[in-house]
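Protein chains in written order, with our numbering: chain A, 1 to 553; chain B, 1001 to 1355; chain C, 2001 to 2236; chain D, 3001 to 3105.
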Amino acid sequence: MSTIVSLPDQATAKLPRKSYLNEEYGIKSWLLTGDHKRIAMLYLMSITFFFVIGGMLAGLIRLELLTPPSDLMATDTYNKVFSMHGIIMIFLFLVPSVPATIGNFLIPLMVGAKDLAFPKINLLSWYLYVIGGIIILAAMVLGGVDTGWTFTTPLSTHYLNTHVVTAAMGIFFAGFSSIFTGLNFIVTVHRMRCPGMTWFRLPLFVWGHYATSIIMILGTPVLAITLVLVALERTINIGVFDPTKGGDPLLFQHLFWFYSHPAVYIMILPGMAVISEVISTFSRKRVFGYTAVAFSSVAIAVFGFLVWEHHMFIMGVSQYSALVFSLLTMLVAVPSAIKIFNWSMTLYKGSITFETPMLYAFGFIGLFTIGGLTGIFLATLGMDIHLTETYFIVAHFHFVMVGGMLMAYLAGIHFWWPKMTGRMYPEGISKVSAIVTFIGFIVTFFPQFLLGYLGMPRRYAAYPPDFQVLNVFSTAGASILGIGYLLPMLYLPWSLIYGKIAGNNPWQATGLEWQIQSPPLTENFTEIPVMDHEAYDYEWLANKTQHEVQTVG
Amino acid sequence: MSHISPVLWQFLVHWLKQFAIFPPEASTIAPYADALYFALVGMTITGLVLVSSMVLIFSIRYSKDRHPEAVQIEGSTLLEATWTLIPLGIFLVFFVWGALLYFRIFNAPPDSMNVYVVGKQWMWKVEHPGGQHEIDALHIPVGRPIQVTLISQDVFHSFSIPAFRVKREAIPGRYTTVYFQAKTPGKYHLFCTQYCGTQHSGMIGWVYAMTPEDYRAWAAGSTSGASLAQNGERLFASMGCNACHSGDAAARGPSLANIYNSRIRLADGSTMVASEAYLRDSILNPSTHVPAGYAPIMPTYQGQISEDGLIDLVEYIKSLDSNYRVQQMMNKSEISSAQEAPVGNTAPAQGVAKP
Amino acid sequence: MLPGGVDPHAHPAFLRHHFESVAQQREAASFGMWVFLLTEIMFFGGMFAAYLIFRNWYHPAFVAGSNTLDITLGTTNTAVLIFSSFTMAMAVYSAEMRRKGQLILFLLCTIVLGLVFLGIKGVEWHEKYVEHHVPGMGFSIQDFVHPTNPKAIPLAPDMAEKTQIYFSLYFAMTGMHALHMVIGVSLLFFLVALASRGAYTEGHIMPIENFGLYWHFVDIIWIFLFPLLYLISRYR
Amino acid sequence: MSEKIDPEHQEQHIVGPPVYLTILLCLLVLTAITTGVAFIDLGVFNAVIALAIACLKASLVVLFFMHIKYSSRLLKMTVLAGLFTFMLLLTLTMTDYISRAWGMW
Ligand code: HEA
Ligand code: HEA
Ligand code: CUA
Ligand SMILES: [Cu+2]
């Protein structure tokens, strides 16, 4: 592949004799490992599994919506399908996607540590995730839940007789998994940085994950207690959310969204973190406005806690407080804009190449801009009245979550694939799949904006025939999209055996993780590194490479 | 075109006919909402064009072939300030614009005609003050502001009329209101947009916006005989309310005449306006707001009256208010034909002191 | 030199391989514990928010509900828990001083006090069960509408219904608190077992210190629960 | 480590039994006070005093039993961050509950 930067060690690269992958063999050495890289791989596999399930459910949704009446499945089946789709995709796929896989793999490498601060807790958090996942799967197999992913009371507490408590407990476990991941990251970033690694020498990837961890730690427990209260309400009939007993169903909304709005930033900040690395590497340039990008991550995390009520604008909250929250929502949108502009400016006077991760990153920028700006529609009070609970919302959040985060996730997986496995993915076909994904995505979700403005309500198993045209487009797009996601699932495993050997630093990137062998040793660094330059210092890298060429080859 | 099969062809034609990208502007609010929408679309397109042209131009101009050596740039405070402040300014404009529209939609003008809507799994029950009941349908005259007072009997529902660009949640245990004024006669979708269980997607109906004449004819034709206030009066007697609320000075309960929309002094010294919500709550949770000078002896009717019954009672108590009566009469005389007796004339119950 | 005389650059057996020094390990562990306590604050925070709202809405019901709690038991329990916090603090001190016997003694004291707390709590809950004041288990409002206590002000039936909200919160909050206590006491047994093998008196006191933080946190939660649940308008 | 000047790190400080005993005594006295005060009718001040005393007790526990007084700035900030977020939850939720009934009295 001509576009891959050629390297001193690329031509002669061999897989290292010893690495974290072959340090020990056997199932047990994986299931009891404390190594953050192995745990990341465990996560990668389990997350992919749940993504496939969630994706198949999405396929069912789209098939059902091909025609107006609910002909493929009964309405309550449909309700279970979209609820499980939402629950699985959010709690079992998107929340852990980048942080638990790529983040887990990279944070210690990037701060120059041998492992995360608490390896056992890291492993525990994977087990919690798996337990949560199994419980949710059990809920699905035993008959499903049909609450939607939002568990709206009193519907979920008193009017449904599906496995609400089971699903809630599954989410409870998955939530604690996410808390422990966040805890580990925060402590690692504060306490395990190598000598010379000051805060402002940290890669932006670490900043993004630091901000994410803040939300995980402070937001997730509120979701946990809310779900416990829902479960108690269902099982022993306490009445805090039940209007007939004097409780307040809006209180549930407040507590739920106190987590779930910040959670959408759990779902995007790690993606943004990936994009910073990718853009910088492939334009061979320092990220424009490093401090602004770093601080905007933290700003998003902090301001993210102040805006949850924008999900409740027509639910009977006080109009004055709606005003406050609308204003705050406008403020939280600004840091995202700052990031987008800084990334665009990073390209200016760069030396740009277009490897697959970069294509995904471009996809991210475009789609997230649309998704984010349509968020402004929803934050605008008067407009939200018309748009809320319609397909406009569905389009908005798929643009930010699928167009944004999922693209970033794929960018990250491709970008660090050589580091994780020691082998390159096939560049040609992966570019094709990036482009297929992009096209499929637009065809799937763009029509949903129009549908939303036309007024098609979300969570409808059957809809009036007026809306069919756009729905057919959407379904057609989803099949293209499915292929776009299927391809990496085929060629990435293929490349494990047949891929070209990557060498230490196939992208000529500056991060610490690229200066060691790929795949890395179990202990990451043979001796603790000393950071003596800024992040994204390409001159330092050039000098180093030159030095290596002189001494090695 | 011969190679396109006839079925497919029909499908295409059908589609093209059905194709629309925004719903009819059938209410007075709709143009305002659409204006805001197009402004927002404009902002999105501007933003997108700006960002994507930056990305495109730079990646062409500075691709590795053309620009092999990257120039390292730190950043620029001036630029950061620009792209912080300009988007912020734009967003704030939309905040103000949106807020104005929000208050407009949720606060009805005082002379609007009131319609009650009760949501339950999975139907909309509409009750007109004149006593017309409908299910999953709403008949309204064009050209009159209409206030819909919503409540739910079970779970959250959401009352949505896309053609009017309005929507409001029906909440269990609390009244919410939304207001609109239809512009063009026609038949429009009515959706439940809040997920409410199995038949959520079946909780749909139609809104019929009619010319005032048609509406009058419809109202006269479909009245059930008794207005809501009259039903309420009957309930008031049958539930034994008049035992205490007889209006006498010696009665155990306060007189309910003229209390609607008046300022009530409560036993704890605060005051409250007796809105519909207050009246409803006084019947279900009497001890949460005890008017000054009375003992909290009124029993709770929680679980004994349906939401429909509560609406009847509330309408009855409202009809005891002379101002409201006059207004209702005006509504009536404007809308309903002369043969139909205005509610106010029959409303005052025996024994209730006239103001 | 660290307390207990460990050289921070020495590599004792308890130093995990991925840490550079004992100091780093120690700082990471205590910071980690504090971050965990943050999540605990927010976990209980959700219930405190609910409490705040309903207390304002249904104040009379909260007063009536609160006045049925046994204040003697409540105050005793508060004192018991504060004492257990003290013994726990002393346990940490003993570990720092490398006094094994003293450490075990204080840990045992803490266990006993914790169990006493749970026992008293159990008695109180049982009382509520007998009085039909447990939501969802034959909850009855009779005691509030027709109080047996002549000093208590009878509630209107609709307000009396709302005592159920009070008791829901009472059981949710004290229940969650007690759950934390149960977890704490169970952990204490482990700590005692390990301490008697001398695990914490060789300079490796982090587990004891962190457990202390947890225990004090549980104590703090109770310090707030006590006035909020037991002490509403007691003068009635 | 010790020669480095870094606000995040600080030498461990051992707190002795005298301090613990004093705190224990304070806590018990405060418990007695808060229980006693609850039996006097002070109107809204009952709640205020009860909460103030609870906060005071909690601070004593945090500062001395939990050694925050002697800990690094990082740990102090951590405690504050928790309180801050909890207050956010309360105040912003209350913006809704307080103003919901505006215009009704
Ligand atoms: C990854 C997830 C994610 C992200 C990042 C966001 C980001 C945002 N979201 Fe979104 N949102 C969701 C996921 C997400 N959302 C989900 C899942 C729901 C539905 C939940 C449900 O009900 O099921 C939802 C719902 C939702 C609602 C509630 C709608 C309703 O139910 O009525 C609102 C309302 O304000 C909203 C707003 C926003 C805003 C303002 C942002 C902002 O953060 C966006 C900021 C970004 C930008 C603004 C783009 C970049 C800006 C520029 C490039 C500048 C452009 C230039 C000029 C203007 C000149 N979102
Ligand atoms: C991470 C989050 C995430 C992701 C990735 C997706 C991905 C997709 N979603 Fe999802 N969606 C949500 C989160 C997500 N969604 C949430 C939170 C809701 C709200 C739920 C609620 O209302 O409670 C929702 C709701 C939702 C709806 C609205 C349902 C309704 O309101 O009635 C629709 C409808 O089109 C939809 C479609 C899709 C499609 C087509 C994809 C595609 O991108 C998926 C493509 C992926 C695959 C297809 C899998 C990979 C491919 C293969 C394994 C190949 C083999 C499979 C096939 C060929 C089918 N989603
Ligand atoms: Cu009613 Cu959806
Ligand atoms: Cu949000």
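Note that CB positions come from ideal geometry on N, CA and C, so glycine has one too. Please read all numbers here as calculations on a predicted model, not as lab measurements.
- Quick one: grab the DSSP three-state call for A/R62. helix
- As assigned by DSSP and simplified to three states, the class of C/V2218: helix
Inset, instruction - Determine the direct distance from the alpha carbon of A/R423 to that of C/F2036, and round the result to whole angstroms. - result: 38 Å
Exercise for the section: Report the neighbours of C/R2099 on chain D: residues whose CB is nearer than 8 Å to its CB, in chain order. Expected result: Result: empty, since nearest Cβ-Cβ is about 12 Å, beyond 8 Å.
Quiz item: Of the choices B/F1180, B/I1204 and B/P1068, whose alpha-carbon is the least far from that of B/T1149?
Solution: B/F1180
Original post:
Hey, is D/L3025's beta-carbon within less than 8 Å of any beta-carbon in chain A?
Top reply: For D/L3025, no Cβ of chain A is located within less than 8 Å of the residue's own Cβ.
Legend entry - Residue-level contact to chain B via CB, C/D2158, 8 Å cutoff: yes
Leaving out five residues before and five after C/F2117 in sequence, what residues of the same chain have Cβ atoms less than 8 Å from its Cβ? N2077, V2080, L2081, S2084 and M2181
Please identify, using Cβ separations under 7 Å, the residues of the stretch 3091 to 3102 of chain D that lie next to chain C, in order along the chain.
T3093 and Y3097
Does D/P3018 pass the burial test, meaning 16 or more other C-beta atoms within 10 Å, or should it be called exposed? exposed
* Asked: Could one say the Cβ of C/Y2058 lies closer than 8 Å to chain A's Cβ atoms, at least one of them?
  -> yes
Return helix, strand or coil for B/G1119, following the three-state DSSP convention. strand
Practice task
Decide if the stretch 388 to 406 of chain A is in contact with the stretch 451 to 464 of chain A; the criterion is three or more beta carbon pairs, one per stretch, under 8 Å apart.
Solution key: yes
Practice prompt. For A/T150, verify whether its CB is less than 7 Å away from any heavy atom of ligand 2.
Written response: yes
* With burial defined as no fewer than 16 other Cβ atoms inside 10 Å of the residue's Cβ, what is the status of A/A74: buried or exposed? -> exposed
message: I need the straight-line Cα distance from A/S29 to A/H36, nearest angstrom please.
response: 13 Å
- Task: Could you tell me whether any Cβ in chain C is nearer than 8 Å to the Cβ of A/N237?
- Result: yes
List in chain order the residues whose CB is within less than 7 Å of at least one heavy atom of ligand 3.
Those residues, listed in chain order, are B/G1119, B/Q1121, B/W1122, B/H1157, B/S1158, B/C1192, B/T1193, B/Q1194, B/Y1195, B/C1196, B/H1200 and B/M1203.
Drop a sphere of 10 angstroms on the beta-carbon of C/A2193, count the other beta-carbons inside from all chains shown, and report buried for 16 or more, exposed for fewer. C/A2193 is exposed by the Cβ-count criterion.
Check: Of all the alpha helix (DSSP H) runs that stay within the bounds of the stretch 35 to 89 of chain A, which reach a length of 4 or more residues?
Finding: 36 to 64 and 75 to 87
**Request:** For the stretch 328 to 403 of chain A, list the alpha helix (DSSP H) runs that are entirely contained and at least 4 residues long, ordered along the chain.
**Result:** 356 to 379, 381 to 387 and 391 to 398
Based on the DSSP secondary-structure assignment, which residues constitute the bridge partners of B/V1126?
B/V1117 and B/E1134
Q) For the stretch 1080 to 1094 of chain B against the stretch 1125 to 1144 of chain B, are there 3 or more C-beta pairs whose distance is under 8 Å? A) no
Check your understanding: Which residue or residues does DSSP assign as beta-bridge partners of B/M1210?
Key -> B/P1141
Query raised in the report: Heavy atom of ligand 1 less than 7 Å from the Cβ of B/S1052, yes or no?
Result: Checking the Cβ of B/S1052 against ligand 1 gives no.
Check: Sorry if obvious, but does the Cβ on A/M315 come closer than 7 Å to a heavy atom of ligand 6?
Finding: Within the structure as shown, ligand 6 is missing, the only ligands being ligand 1, ligand 2, ligand 3 and ligand 4.
**Request:** Using a cut-off of 9 Å between C-beta atoms, extract the partners of A/K114 located in chain C.
**Result:** H2017, H2018, F2019 and E2020
Check your understanding: In angstroms, rounded to a whole number, what distance separates the CA positions of D/L3030 and A/F200?
Key -> 46 Å
Distance cut-off 7 Å: A/G482 Cβ against heavy atoms of ligand 2: Checking every heavy atom of ligand 2 against the Cβ of A/G482, one is found closer than 7 Å.
query = Cβ atoms of B/A1030 and B/R1252: under 8 Å apart, would you say?
reply = The criterion of a C-beta distance shorter than 8 Å is not satisfied by B/R1252 and B/A1030.
ask   = If you check the beta carbons only, do A/G557 and A/I217 fall under 8 Å apart?
value = The displayed coordinates of chain A run from 1 to 553. Any statement about residue 557 of chain A would go beyond what the structure contains.
Please state the DSSP three-state secondary structure of A/S6. In this predicted model, A/S6 has a pLDDT of only 44, less than 50, meaning its place in the structure is not dependable; the value taken from the coordinates is given anyway. A/S6: coil per DSSP, three-state reduction.
| field | Length-filtered (4 minimum) alpha helix (DSSP H) runs lying within the stretch 3008 to 3076 of chain D | value | 3017 to 3037 and 3045 to 3060
| message | Tell me the rounded alpha-carbon separation between B/G1309 and B/C1241. | response | Roughly 13 Å separates the two Cα atoms.
Please state if the CB of A/L229 and the CB of A/V240 are separated by a distance shorter than 8 Å. yes
Report task. For C/Y2170, count neighbouring C-beta atoms within 10 Å of its own C-beta (all shown protein chains included) and say buried if the count is 16 or more, exposed if not. Result -> Classified as buried, C/Y2170 has 16 or more neighbouring CB atoms from the shown chains inside 10 Å of its CB.
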